[in-house]
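Structure first, commentary second.
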Amino acid sequence: MRPYACKAMTSHAASAPTSSEIPGSLNPAQRAKDWKRLATEEFDVLVVGGGVTGVGCALDAVTRGLSVGLIEQRDLASGTSSRSSKLLHGGLRYLEQRDFALVREALRERGLLASFICPHLVRPVSFLLPLTHRVWQRIYYGAGVFLYDLLALGRRNPLPRHRHLSRRTAMELVPDFDENFLIGAIRYFDAQVDDARHTLTVARTAARHGAAVVTSAQLTGLLRDDKAGGDTVVGATVVDVETGEEIEVRASKVVNATGVWLDEIQDMVGGSGLHVTAAKGVHIVVPREAIDSDSGLILRTPISVLFVIPWGRHWLVGTTDTRYELDRAHPAASASDIEYILEHANRALRRPLTRDDIVGVYAGLRPLVSGEGGDTARLSREHAVLEPVPGLISIAGGKYTTYRVMAADTIDMVVDGLDRKVPKSCTDRLPLIGADQWNTFKDDAARLAREHGLKTGAVDRLLWRHGSRVNDVLALVSNDATLGEELPGGGYIAAEVVYAARHEGALHLDDLLARRMRISIENDQRGLLVAEQAAALMAPELGWNEDRTRVEVRRWQTRIDAELAANAAPDDGSADEFRQAAIDSRGLADA
Numbered sequence: 005m006r007p008y009a010c011k012a013m014t015s016h017a018a019s020a021p022t023s024s025e026i027p028g029s030l031n032p033a034q035r036a037k038d039w040k041r042l043a044t045e046e047f048d049v050l051v052v053g054g055g056v057t058g059v060g061c062a063l064d065a066v067t068r069g070l071s072v073g074l075i076e077q078r079d080l081a082s083g084t085s086s087r088s089s090k091l092l093h094g095g096l097r098y099l100e101q102r103d104f105a106l107v108r109e110a111l112r113e114r115g116l117l118a119s120f121i122c123p124h125l126v127r128p129v130s131f132l133l134p135l136t137h138r139v140w141q142r143i144y145y146g147a148g149v150f151l152y153d154l155l156a157l158g159r160r161n162p163l164p165r166h167r168h169l170s171r172r173t174a175m176e177l178v179p180d181f182d183e184n185f186l187i188g189a190i191r192y193f194d195a196q197v198d199d200a201r202h203t204l205t206v207a208r209t210a211a212r213h214g215a216a217v218v219t220s221a222q223l224t225g226l227l228r229d230d231k232a233g234g235d236t237v238v239g240a241t242v243v244d245v246e247t248g249e250e251i252e253v254r255a256s257k258v259v260n261a262t263g264v265w266l267d268e269i270q271d272m273v274g275g276s277g278l279h280v281t282a283a284k285g286v287h288i289v290v291p292r293e294a295i296d297s298d299s300g301l302i303l304r305t306p307i308s309v310l311f312v313i314p315w316g317r318h319w320l321v322g323t324t325d326t327r328y329e330l331d332r333a334h335p336a337a338s339a340s341d342i343e344y345i346l347e348h349a350n351r352a353l354r355r356p357l358t359r360d361d362i363v364g365v366y367a368g369l370r371p372l373v374s375g376e377g378g379d380t381a382r383l384s385r386e387h388a389v390l391e392p393v394p395g396l397i398s399i400a401g402g403k404y405t406t407y408r409v410m411a412a413d414t415i416d417m418v419v420d421g422l423d424r425k426v427p428k429s430c431t432d433r434l435p436l437i438g439a440d441q442w443n444t445f446k447d448d449a450a451r452l453a454r455e456h457g458l459k460t461g462a463v464d465r466l467l468w469r470h471g472s473r474v475n476d477v478l479a480l481v482s483n484d485a486t487l488g489e490e491l492p493g494g495g496y497i498a499a500e501v502v503y504a505a506r507h508e509g510a511l512h513l514d515d516l517l518a519r520r521m522r523i524s525i526e527n528d529q530r531g532l533l534v535a536e537q538a539a540a541l542m543a544p545e546l547g548w549n550e551d552r553t554r555v556e557v558r559r560w561q562t563r564i565d566a567e568l569a570a571n572a573a574p575d576d577g578s579a580d581e582f583r584q585a586a587i588d589s590r591g592l593a594d595a
């Protein structure tokens, strides 16, 4: 049993370290070491799935002193965990369903993440809830938002409380509101996070504490214990997608945290009573100047709600909520999805948004615990943990905000099946990489920019992506001034590319452009302006030759062409056909 990591949590120096000193580095050499560990060690837990739930399980387990391996067939956060609304929230609309326990739990987690676990990745964001009827809505919605704030009370809640606004004050805050749309509003606060970077940081924190984290590692089968009649799962067969090598990984417990792929893993042991249904959620991205507003918006639709969310120099607008049964790895947004979003957003706006305003589109799949009926908006967002056969534990459902609770519940079930005493979860007391000493760094952008010859805005962005580990990136600029150059199309600097390949586990160009950066949705060129330059910077870090570098760029170009064609297709079926014309960066088909 490994040392209990949460017993002796110490602060780590934030000065620029050497490469070997960077905590949780997912560098190519470390991947090779971890692959060897998978082949030679027997783990307490093997986690399958590199989304936020999977990496959360890995962190929870390793900090209890368990030996942990984690495999992901593509990239960290390559599925749902990079395609959310990027909010940490309790779910205001769940109050209408009287699901007070779910809301209270999510608000507690929001407070922990924003105040202690990863304050460098979380920012408060305000929303206006427009009122269209003078009396009953202000009473009804006001009571709901008051209860929302009441459930969030506690020392770990850093967000302001709600305020009732007159029509005039609301219009001053959101000049682009259609003046005929509202008679007043309520302003309340939630929290925002870059989901992909947060998932990456959880994974790196797990690696820092000893977990073997390996991406491009595909599960091809489950190992069974013949001595126990063949029922008990004792590990998995795994293929290195990059080399084709296949190994057997031995583990006391295998955790199935694969989201919308949950049923496929369970089918390897004959199925389970726990199933998931995929619901597609689409967001569009428009420039900040497309909507004149100092606050986000929450708008009611016939089936759900639509968010207009501030996102740096952009707005995220979404989401849809429809059943989806096509390619799970690369869900496509169709023209009908986009028109739905535009139609409902424009009902509240003075200047309508058009297709020409859109600079990015993304679609993700929510794994919902299956229920009766065909309306995915009514299926459960709560999570469920089940052991369909001895040795295999499945976790499904839930909300991004409550990933840590889901992970703790899952590892609790793992521990119940082990033959020794294991401490309880301690991740509520464990800051993620970059959170240490955050208060001494968060207002230091101007000084750091002067010292490294960079724009203050670029350093501020780095701070809110790397926290107190910002010097790890800036050290690259100190050693090579050319890495301080701003890349075209997004405000990122060249050092971020090198750092992603060297320490953040980026193995392919799309890992960088779609997840380590978010340039794929923040510029109307979708990363094409920077693809060749970024690939050239990644090449020496990953040992690519000229042919391999060209392949990476060409695959990114075909991906963007396919996504744009899908966005113009009328329905899911035709959009999926266009999207599948692009080859997966790892050469994988939907699995």
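Residue 5 is where the sequence shown starts when you use our numbering, and the numbers rise one by one after that.
We put the beta carbon where it would ideally sit given N, CA and C, even for glycine.
Boundaries (first-last residue) of the beta strand (DSSP E) holding residue i
| i | result |
| --- | --- |
| V290 | 280-291 |
| S170 | 167-170 |
| H137 | Counting along the chain, H137 falls outside any beta strand (DSSP E), and DSSP gives it neither H nor E. |
| A221 | 221-228 |
| P544 | P544 -> not in any beta strand (DSSP E); alpha helix (DSSP H) instead, spanning 535-546. |
Burial state of residue i, where buried means 16 or more other Cβ atoms lie within 10 Å
| i | result |
| --- | --- |
| P306 | exposed |
| S71 | buried |
| G438 | buried |
| G421 | exposed |
| L383 | For L383, the predicted structure reports a pLDDT of 41, less than 50, and the residue's modelled location is therefore unreliable. The matter cannot be settled from this model. |
| I397 | buried |
| K90 | buried |
| A585 | exposed |
| R424 | exposed |
| I295 | buried |
| R598 | Only positions 5 to 595 of the chain appear in this structure, which leaves residue 598 out of reach. |
| G377 | Its pLDDT being 39, under 50, G377 is placed unreliably in this model, and the value from its coordinates should be taken loosely. Looking at its Cβ environment, which holds fewer than 16 other Cβ atoms inside 10 Å, G377 is exposed. |
| S19 | Legend: pLDDT at S19 = 35, less than 50; position of this residue unreliable, value from coordinates given subsequently. S19 should be labelled exposed. |
| Y144 | exposed |
| K231 | exposed |
| A81 | buried |
| A36 | exposed |
| T14 | Note that T14 scores a pLDDT of 38, beneath 50, so its modelled location is shaky; the value from the coordinates is reported in the next line. Result: exposed. |
Cross-strand partners of residue i (DSSP beta bridge)
| i | result |
| --- | --- |
| K459 | Paired residues: none, contrary to the question. |
| D271 | BP columns for D271 are empty, so no partner. |
| G364 | V289 |
| T305 | BP columns for T305 are empty, so no partner. |
| H348 | DSSP lists no partner for H348. |
C-alpha gap between residue i and residue j, whole angstroms
| i | j | result |
| --- | --- | --- |
| G60 | W140 | 42 Å |
| A255 | V238 | 5 Å |
| A485 | L458 | 10 Å |
| R87 | G55 | 11 Å |
| F193 | G531 | 32 Å |
| V477 | F104 | 42 Å |
| E386 | L266 | 16 Å |
| D276 | T57 | The sequence given here has Ser at residue 276, not Asp. Those two C-alpha atoms are separated by around 20 Å. |
| Y496 | R520 | 11 Å |
| V52 | V197 | 24 Å |
| H507 | A499 | 12 Å |
| L117 | V258 | 27 Å |
| W39 | V218 | 7 Å |
| P392 | I26 | 39 Å |
| R558 | A572 | 22 Å |
| D379 | Q441 | Unreliable positioning characterises D379 in this predicted model, as indicated by a pLDDT of 41, which lies under 50. A coordinate reading is not provided. |
| C10 | R212 | 13 Å |
Where the alpha helix (DSSP H) containing residue i begins and where it ends
| i | result |
| --- | --- |
| P32 | 32-44 |
| W140 | 140-155 |
| Y503 | 498-507 |
| I399 | Taken as a continuous stretch (DSSP letters only), I399 belongs to no alpha helix (DSSP H), being part of the beta strand (DSSP E) at 396-401. |
| T241 | First-last for T241: 237-244, but that is the beta strand (DSSP E), not the alpha helix (DSSP H). |
| R191 | Premise fails: R191 lies in the beta strand (DSSP E), 188-197, not in any alpha helix (DSSP H). |
Candidates the options, of which the one nearest residue i by Cα
| i | options | result |
| --- | --- | --- |
| V474 | H124, D103, K37, A33 | H124 |
| K284 | T323, G277, D199 | T323 |
| H137 | K425, V534, G188 | G188 |
| D182 | R554, T405, R465, L357 | L357 |
| A367 | G316, L568, L155 | L568 |
| I251 | F445, A261, E556, L226 | L226 |
| L74 | V363, A210, R451 | A210 |
| G493 | H470, V534, R454 | V534 |
| L99 | V178, I415, F150 | F150 |
| E536 | V321, R522, N31, L517 | L517 |
| R127 | A339, Y407, L467 | L467 |
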